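Heads up: the sequence lines are chains A and B, in that order. Taken in order, the first sequence gives residues -6 to 1083; the numbers are from our numbering. Taken in order, the second sequence gives residues 3 to 305; the numbers are from our numbering.
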Amino acid sequence: MVSPMYLIAVLLGAAFLHPLFERAGRSLAKSVVLLVLVFIAVLPVSWLADLTWRGMVPVVFQTAGFQAPVSISLRVGVEEAVFLIMINAAALFGGIYLMLRKSPKWEGKVQVLFLTMLLGVNGLVLTRDLFNMFVFLEISSISLYALLAFTRSSDAYEAGFKYMVAGGIASALFLIGVIYLYRFTGTLNLDVMIAAGGGPGGKAGLTALFLLAAAVLIELKPFPANGWGADAYQAADPGISAMLSAVSATGIFFVFYKITPLLGAEILRMAAISGGITFAFSQLLAMKQVSVRRMLGYSSIGQIGLLTAVAALAPMLTPAFSQAAGGSSLPGGLVAGSGFLGGGVFPLLVLLAGNHLFSKAGLFWMSGITGSVDTGGLPERASLRRSPAAAGLQGLLTAALAGFPPFPAFWAKWLLIMMLVSTGSYFLSAVILLGSLIEAWYLFRWFLNCVKKPQDSGNVHDEEIPDDFAAMEMDQEMSQELRPDLKSGGVPVSGWGFITLFAPLMHGLILAAAGTVLAFMFFAGTPGFALLLPLAALALFTLLDSVRVPFKLQVFLGIAVTAAYGLMLLPGLVGIRLVFGLIFIAGSAVQMVPLVNRKGRHPGLMGMLTALVFSLGNLLFFRTSLEFFFSWELMTVTSFFLVSRGNKASGAALRYLVFSLGGAFMILAGLALSSSGMNGGITAVLMGLGFLVKMGALGLHIWLPGSYAETDDDLSTFFSSVLSKAGLFMLFMTAGLLAQASFASVLGWIGVLTAFAGAFLALFKEDIKYTLAYSSMGQVGYMLLSFALMSQLGWMNSLYLAVTHLLFKGMMFAAIAGVIYRTKTRMMYQMGGLISRMPISFFTVLIGIIALSGVPPLVGFGAKWMLYTALIEKGWYLQAGIAMFASGVAFLYLFRLIHVIFLGQLKDEHREVKEAPLWFLVPQFVGIIGIMLFSMFPDIILKPLQTAVAPFFSGDIFWEGYTVISTLGYWNGNVVMYVTMGVFLVPLAWLLTVQRRHTQKVGQFNIVYAAERPYRPETTHFGYNFFSPYRKALGFLLQPAAARFWYWVGSIAEVAGASIRKLYSGNVQTYSLWIVLYVSIFLLLLQGGV
Amino acid sequence: MNAILTKALYTLISLFVITNYGLLLGGTMARVRAKVQGRIGQPVWQPYLDILKNNFKRTGIYHGVMFYLGPVFRLAGGLGTYLFIPAVYGSAVFSNFSFSGDLLLVMYFIFFGQLGMALGAGQSGHPYSPLGVSRGLAQMTAFEVPFALAVIAVASQHQTLSITELVAAQQGGILNWVAFTNPLAMIAGMISFLGMTMGNPFSVVIAPQEIPIGPPTEMQSSFLGMLQTNRAIFQGAKLVLFMNLFFGGATNIVSMVVKTFLIYLYTVVVGASFPRFRTDQSIRFFLGVPTLIGIAAVVIQML
């Protein structure tokens, strides 16, 4: 094994000799620094190789034949090697980042300081001697003070000074602690002390240990004694902030980890509490920040707090790991004392620390590269939208930091929550999940602000009705929106080139690679590699994007791989899973077709879309709860990125993310409770709520309209007709849990109220996409209601609705997307009379609304028949009444939809519009054929559904030919179809033959108009506020109660963040006072606790 | 083959009877209304004359395919609704196609004609047509609520949704009628029937006296003739439906005529006695007391 002394020597040597090199040439000096950085990054890799593959044992190196403290004592074990790999890799890319950027230049002095700081941190990680530790701490701190100030702004000087004061206090405490410990134990060697059974006993011993711990904790910036830390993050150069977070903080955290065996239960408990508080409060604080770097700084502080808490809880968590290893959720490598990285808590710490280190440094760099100072976003000329690579990278890093799969934090989050819940730490679990949710909220808010379009106010959750006669302006805007590709050349215009992205790109790749490796580890030994197909698809299409494969080709490829995926995996499915499989896979493949119509380049679109479809498909195959959760989260994040592409979607996308993630965390908590053997009410409530969020159930629906409507027109259909069923599918899968007690009836009420609310809200929308979005919400409500019936007919109907809703809503969205594409407006009242220009789209919508409203003879009636029969059978009479009301209201908005768009007066500007492009028509044809087939022969869908639910419920209905007979009534779809055709064709034939010679078609304005001449189509078309009597009668129901409630919840968090902020005055005196108070309270609690 | 031909013949007879009965009933009631208002009124056979006149007009203007199909949809809706209801209990001729679906089918098939007609009227381009549609549909959703509750109460009372079985359950004496065994359901249903017939006080939809408004605004000639034919059939279908639901059905043509006449007369009496509601007023009306009565009927069934 190579001696770690080389590490120290090389860093020190390079730092000392740097002025000489620089005299020989600046490039030479830089090259030397780079070489050194490469060396220190590679060396720990060789150690790890030695320690793992070559079977060497950890070695303690002493220098110059002396014993510590006179000499330096360095240990190389797996832990040290792993942390140094991460730290030095970040340092390497940090150096490259500083070198590649144009301004400010990476000066020689700064390079020297950079090297000495690294020397200190490396020493901190390696040393096993307390006094050495102090020395290295000082080296790294002093270098940091100077590094912080190198931008020479007054803020930076001030921040450096504050940091120095805080560091000084910490150093003093540390040194006093070390002195006492030496007095009590006679040694400074950690290993000796630990071998002697931990630290010295008694109050004095405890105080000595306390001083040591308090010093390290202060260095880790605990709440509230961390104002100086936040100031430093904010004021420093982003390259330095990145190093502060990734290198220095991680190194000091490792010190804390190293001394934990020494500290004893009381101090560790206090440290854990302090860490937890820091995590929670930092997230609240970060949420309110305007400065990007201060926000990221608080995020760092919070993450380090979490790490501290986990490390402090190690004695409690380690046994939990051993126990859980027997269960299904852990790969064997994580068992304590064996396999991967020594097992136990340490791998968890590595995942958390590594994920944070790489993603946070990357984000700091991104803020520097793009010049993002304000969390409110970037000026339009610098918007990340102009550079798909930068936008993708920032999205990736943000997703990694927020803990989405496959990044390491996802696995860490899973393990941590599982372990905490199994040890009964419910409160801490809740705090961690809540904190993570807030963190995702503000990180993604920043991301969205960076990528949003100029016309996006970031707060669009409802339709925006333009002023009167603003049509011309709007046309212009829309035509630009429709061709975003023309504006974005792919190469950023604000002066930063692709090469500057190198450092964050490497971090992104490291995170992605680590995540993929982890995924392989967790899903090893099973045919679970299919779970990674979404990632493969994402990678494939990203590659295609980067070599500029035309988008149309990508769409065809997407359809092909989706079809192949379906052909490979669907035959393995039966029953309910097969039904949803067809919805997810076949439904998606058909609905990808309209995308072919797009022009230009759309980087990331097909990758995200296929990844989304595959992760939906993978939901069907899950066997363990981890497999399920992996696909579920992947589905969430990919769909989020799809929503965020919309023209005005950033606000809606953020809501979608926060609600989805909140739901996912509830599911996670439910899964954890369930795996620790608690299958009671709370588990069912948590998981049920999580799924209901995804379905947009009433009260949890406020994310839904914006997300469905503001997504690109040709993508909305995926959300409405495919994605909304994921929650339903999971309800079916967990029905055993939910069926108990009164949950079913609560679900039923939620379902029927959702159905009513969706229909009612759709009634008053002028924006067609919002109408359809609320309509989808209502339809999902019916599915939920039917599911909650927990009977044969109920379940059959729920599945029947899921399938038929896919058909009619899919084709309606496609038709409407075509209409919007041609008319360039979403406001229904601005359309009108389009039947003559777009007859096929009209026919599709006609079939769609007949099917949706449940009018015989089309498929929709089957759903109504089953629903009411099942409701009356079950005795849910009131629900049946509300459901009928809802279905009446649905009829209203559906009529309005078709009338206002296609009938009435054709507008002058639409006289030349053409039928929608063929690509939009393809899914419509498929939908119409499907609907006609199922309407004519209902048994071809009902009988398989009956079989699908047969394992759960049997025998209430039976068949006589085409007649399906329930306990209450009967229905023969086939005869109904024939009778309807008969009564329709006879009068038609009569009109066409007998009355033919009389009839004559007249022009648009040839109407009997009360002795007045129609003026313009706009003033003659009745479309705006179509159901005003309804608004007059029942408008009071339109109060956005749910939105207000959630706004109130959000405000509480914000107000909390704002009031905590008041602790941070910016004064160095105040900051010092907080440190002293923190230490004193820590001590008081500790003494009181002894 | 014979069976199909017989069924076709029966269907024609049934339709012939209901069409003529509906037309005569309409004419009669117009005369009744005239008497109330102190006029002599039109001859009873006036509806026949209207239909003939309209069908023999020299011009028939239309505004497009959907406009052309609107009346066809409407008439198909009326015919279909009638054909899914057994008109006379125990009669093969008047059992129609009630074997193909139950009460739910009838309730939803009513929408078929309304939707088609509304679409046809919409294509006329006349703003008053959709205005009437908006009012009519809005009012419809409101009166459907007490009606749905009444139907649910009746269905749960007799544990069936089959109209034939409902009528069967009411045989054996007047006290077996739903009107007496479940009076709350009957009251809720009969109040919504007022809305369904669109007479006063719920007549704002077609505002017949003052201005041409509502779906038929642009309809004339054979299109209007078709609508008038439908009005007779559809009215007959609805009357038969309510008779079956609440008043024991009919075992022969005579009792059907008597019962439906009385049910119709009830709407005329109410219409002659009350002024007209605005649409929002009628929505609030139906969702108020009638709905509460409907809920009470349903809750009684749950107890």
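Idealized CB from N, CA, C, for every residue including glycine. Here the structure is a predicted model, which is why all the values come from computation and not from measurement.
query: Rounded to a whole number of angstroms, what is the C-alpha to C-alpha distance between Leu241(B) and Leu25(B)?
result: Cα to Cα, the separation comes out at about 13 Å.
task: Locate the alpha helix (DSSP H) running through Lys994(A), then write down its first and last residues.
output: Looking at the DSSP string, Lys994(A) is not in any alpha helix (DSSP H); the run it does join, the beta strand (DSSP E), is 992 to 994.
- request: For chain B, find out if any of its Cβ atoms is closer than 8 Å to the Cβ of Val745(A); answer yes or no.
  value: At a cut-off of 8 Å, the C-beta of Val745(A) has no neighbouring C-beta in chain B.
message: In the DSSP output, which residue or residues are listed as bridge partners for Asp367(A)?
response: BP columns for Asp367(A) point to Ser284(A).
query: Mind pulling the chain A residues with CB within less than 9 Å of Tyr110(B)?
result: Ser846, Gly847, Val848, Pro849, Gly853, Phe854, Lys857, Trp858, Ser880, listed in chain order.
field: At least three beta-carbon pairs within less than 8 Å, the stretch 946 to 964 of chain A to the stretch 825 to 839 of chain A
entry: With the rule of 3 Cβ pairs closer than 8 Å, the stretch 946 to 964 of chain A does not count as touching the stretch 825 to 839 of chain A.
- prompt: Can you tell me whether DSSP reads Trp952(A) as helix, strand or coil?
  reply: Strand.
Under 8 Å between C-beta atoms of Ala748(A) and Ala879(A): Using a Cβ distance threshold of 8 Å, Ala748(A) and Ala879(A) count as a contacting pair.
field: Residues sharing a beta bridge with Asn182(A), DSSP
entry: Residue pairing from DSSP places Asn182(A) in a beta bridge opposite Asp122(A).
Expected contact under 8 Å - CB spacing of Leu341(A) and Val303(A) to nearest Å: Between Val303(A) and Leu341(A) the Cβ distance is about 6 Å, and since that is below 8 Å, they are a contact.
message: Using only the alpha-carbon positions, how far apart do Phe634(A) and Leu938(A) sit?
response: If you take the alpha carbons of Phe634(A) and Leu938(A), they lie about 34 Å apart.
task: Can you give me, in chain order, the residues of the stretch 961 to 982 of chain A that have a beta carbon less than 7 Å from any beta carbon in chain B?
output: Residues Leu961, Gly962, Tyr963, Trp964, Asn965, Val968, Val969, Val972, Thr973, Val976, Phe977, Pro980, Leu981.
- prompt: When we look at the beta-carbon of Gly195(A) and count the other beta-carbons within 10 Å, is it buried (16 or more) or exposed?
  reply: It counts as exposed.
- request: Say whether chain B places a C-beta atom closer than 8 Å to the C-beta of Pro1022(A).
  value: At least one C-beta of chain B is nearer than 8 Å to the C-beta of Pro1022(A).
- prompt: Name the DSSP bridge partner or partners of Leu605(A)?
  reply: Its beta-bridge partners do not exist; DSSP assigns none.
message: Whole angstroms are fine: how far does the CA of Pro596(A) sit from the CA of Ser487(A)?
response: Note that Ser487(A) has pLDDT 44, beneath the 50 cutoff, so the model's placement of it is unreliable and no number is given.
query: Which chain E residues sit within Cβ distance under 9 Å of Met789(A)?
result: In the structure shown, chain E cannot be found, because the protein chains are A and B.
Gly103(B) at chain A interface by Cβ criterion, 8 Å: Taking Cβ atoms only, chain A reaches closer than 8 Å to Gly103(B), which makes this a yes.
- prompt: Which residue's Cα is closest to the Cα of Val1125(A): Gly179(A), Ala941(A), Tyr814(A), Trp434(A)?
  reply: Since the first residue of chain A shown is -6 and the last is 1083, residue 1125(A) is not available in this structure.
field: Segment contact, 8 Å Cβ cut-off, at least three pairs: the stretch 143 to 153 of chain B with the stretch 287 to 295 of chain B
entry: These segments touch.
- prompt: Between Val995(A) and Thr631(A), what straight-line distance do the alpha-carbon atoms span, to the nearest angstrom?
  reply: Taking the straight line joining both Cα atoms gives about 52 Å.
field: Coarse secondary structure for Gly1081(A), derived from DSSP in three states
entry: Note: Gly1081(A) maps to helix in three-state DSSP.
Thr262(B), buried or exposed, once every other Cβ within 10 Å from all chains shown has been counted against 16: So Thr262(B) ends up on the buried side.
- request: Consult DSSP for Phe998(A) and reduce its assignment to one of helix, strand or coil.
  value: The three-state secondary structure of Phe998(A), taken from DSSP, is coil.
Where the alpha helix (DSSP H) containing Leu25(B) begins and where it ends: Note, Leu25(B): alpha helix (DSSP H), 4 to 38.
- prompt: Does DSSP put Met628(A) in a helix, a strand or coil?
  reply: In the structure shown, Met628(A) adopts helical secondary structure according to DSSP, grouped into three states.
message: Measuring straight from C-alpha to C-alpha, what distance separates Val328(A) and Lys95(A)?
response: With a pLDDT of only 42 at Val328(A), under the threshold of 50, the placement of this residue in the model should not be trusted; the figure read from the coordinates follows. Between Val328(A) and Lys95(A), the C-alpha separation is close to 48 Å.
message: Just verifying my parser: in three-state terms, what is the DSSP assignment at Asn56(B)?
response: In the structure shown, the three-state DSSP call for Asn56(B) is helix.
task: Inspect the CB distances between the stretch 580 to 587 of chain A and the stretch 909 to 924 of chain A and report whether three or more fall short of 8 Å.
output: Contact holds: three or more Cβ-Cβ distances are below 8 Å.
message: I'd like to confirm the pairing. Which residues does DSSP put opposite Ser1114(A) in its beta bridges?
response: Any answer about residue 1114(A) is impossible in this case: the structure gives chain A only from -6 up to 1083.
- prompt: Fully enclosed by the stretch 417 to 449 of chain A, which alpha helix (DSSP H) runs are 4 residues long or longer?
  reply: Counting only runs that start and end inside the stretch 417 to 449 of chain A, the alpha helix (DSSP H) elements of at least 4 residues fall at 419 to 444.
Delimiting residues of the alpha helix (DSSP H) encompassing Ile843(A): Ile843(A): member of the alpha helix (DSSP H) spanning 832 to 846, first to last residue.
- request: My understanding is that Ser717(A) touches Gly689(A), with C-beta atoms under 8 Å, so please give their C-beta distance in whole angstroms.
  value: With 8 Å as the limit, Ser717(A) and Gly689(A) qualify as a contact, their Cβ atoms being about 7 Å apart.
task: Quick one: grab the DSSP three-state call for Met411(A).
output: Correct three-state label for Met411(A): helix.
- prompt: chain A partners of Val74(B), CB-CB under 7 Å?
  reply: Here the neighbours are Phe977, Pro980, Leu981, Leu984.
query: How is Tyr1057(A) classed by DSSP in three states: helix, strand or coil?
result: In the structure shown, Tyr1057(A) adopts coil according to DSSP, grouped into three states.
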